[in-house]
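Q: Before anything else, here's the structure in question.
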Amino acid sequence: VRGLNSDARQRSLREKVIESQCSVLCLQETKLPSCSRSIMKRICPQGFDQFVESPSSGASGGLLTAWRSDMFRGTLLTVKPYAIVMQFNSVHNNEQWFMVNIYGPCQGEARTTFLNCLRDIQMHDDAKWLIMGDFNYVRYPHNRSRPGGNFNDMLKFNDVINSLALVEIPLKGTDFTWSNMQSVPLLRKLDWVFTSEAWTAHFPHTMVLP
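Reminder that position 154 of the sequence shown reads as 154 in my numbering, one-by-one numbering, no gaps.
Written out as structure tokens, the structure is:
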């Protein structure tokens with residue numbers, strides 16, 4: 001969301017949440033040192049009464065996962081600067097699933113730490129997982145609008161994906177999710193949605209829309 005520290009952005013987000021009619025909300029790059037109940041009320045419609053946050057570090061980062069307790073019971077498993085790991089159980093039938101809300105580091109040694117922690121996620125074969133967010137990694141050269149990129153980073157990222165046997169859910173309608181906002185922009189796909197094989201088998205029609 002590139003920051004929620006203005007009234008205009010909070011109103012805009014609230015409109016999108018209402019439009020989506022979602023029950024679980026995952027935000028990356030909130031740029032908030034903390035998220036109060038009053039901020040939650042400004043960005044989410046009535047019904048979103050539970051949330052977990054990973055505060056920003058200075059003016060960068062920040063994660064927020066919010067949900068409706070009349071739809072899901074949420075249990076926090078892990079919270080780190082780059083990931084919030086949740087277990088959800090349906091209020092209606094107690095069906096269990098897991099979600100990881102991701103905001104990957106942009107640079108430095110933290111990128112290696114992030115990938116190592118991602119690799120260490122314990123995913124049982126029959127568990128339904130969603131792993132999504134802004135990973136700050138591209139998978140392939142065509143995920144950039146210009147030639148180049150760090151091929152070693154691509155190999156490391158794909159190695160983690162393969163080691164976890166993750167299934168990528170393709171993004172429909174666009175090839176890129178980030179722009180440097182220049183007159184001749186560099187475009188990249190940095191946001192990804194992955195599932196476990198159990199999720200894909202149970203929900204074969206899962207889609208990712210811009």
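All C-beta atoms, glycine included, are put in the ideal place defined by N, C-alpha and C.
For the beta strand (DSSP E) containing I102, list its first residue and its last residue.
A: 96-103 is the span of the beta strand (DSSP E), which, as asked, contains I102.
Q: Report the option in E197, N180, A198, T206 whose CA atom is closest to the CA atom of R2.
A: Here the closest residue by C-alpha is N180.
Q: To the nearest angstrom, report how far apart C35 and N94 are at their CA atoms.
A: Going by the C-alpha atoms only, they are around 29 angstroms apart.
Q: Does the separation of the CB atoms of W199 and L187 fall below 9 angstroms?
A: No, Cβ-Cβ distance for W199 and L187 is not below 9 angstroms.
Q: In terms of residues, what are the limits of the beta strand (DSSP E) holding N152?
A: It is not in any beta strand (DSSP E) - N152 instead sits in the alpha helix (DSSP H) that spans 151-163.
Q: Are V79 and S54 touching if we call contact CB-CB under 9 angstroms?
A: Cβ atoms of V79 and S54: closer than 9 angstroms.
Q: Could you tell me the boundaries of the alpha helix (DSSP H) in which C117 lies?
A: Note, C117: alpha helix (DSSP H), 110-119.
Q: Quick check on the burial criterion: 16 or more other C-beta atoms within 10 angstroms. Buried or exposed for T195?
A: Classification of T195: buried, given that the 10 Å Cβ count is 16 or more.
Q: Note down the Cα distance separating S145 from F135, rounded to an integer number of angstroms.
A: Answer to the nearest angstrom: the Cα atoms are 18 angstroms apart.
Q: I'd like to know whether the C-beta atoms of V138 and K172 end up nearer to each other than 9 angstroms.
A: No. Outside cutoff.
Q: In chain order, what residues of the same chain lie with their CB nearer than 7 angstroms to the CB of L64, ignoring the 5 residues before and after it?
A: So the qualifying residues of the chain are L27, T30, C35, F51, E53.
Q: Less than 8 angstroms between the CB atoms is what I'm expecting for F72 and V17, so what's the real figure, rounded?
A: About 16 angstroms separates the two Cβ atoms, so there is no contact after all.
Q: What is the DSSP secondary structure of S6, reduced to helix, strand or coil?
A: It is coil, neither helix nor strand.
Q: Could you give the uninterrupted runs of the beta strand (DSSP E) lying entirely in the stretch 14-46, keeping only those of 3 residues or more?
A: Correct list: 24-28.
Q: Please return the same chain residues whose Cβ sits closer than 7 angstroms to the Cβ of Y82, not counting the five positions on each side in sequence.
A: So the list reads I102, Y103, G104, P105, F114, once near-sequence residues are dropped.
Q: What's the call for V100, buried or exposed, on a 16-neighbour Cβ count within 10 Å?
A: The residue is buried, with at least 16 neighbouring Cβ atoms inside 10 Å.
Q: Between V85 and R119, how many whole angstroms is the CB-CB distance? I'm expecting something under 8 angstroms.
A: Not really, about 14 angstroms apart at Cβ, beyond 8 angstroms.
Q: Look at the Cβ atom of M123, then the Cβ atom of L164, and state whether they are nearer than 9 angstroms.
A: Contact flag set, yes.
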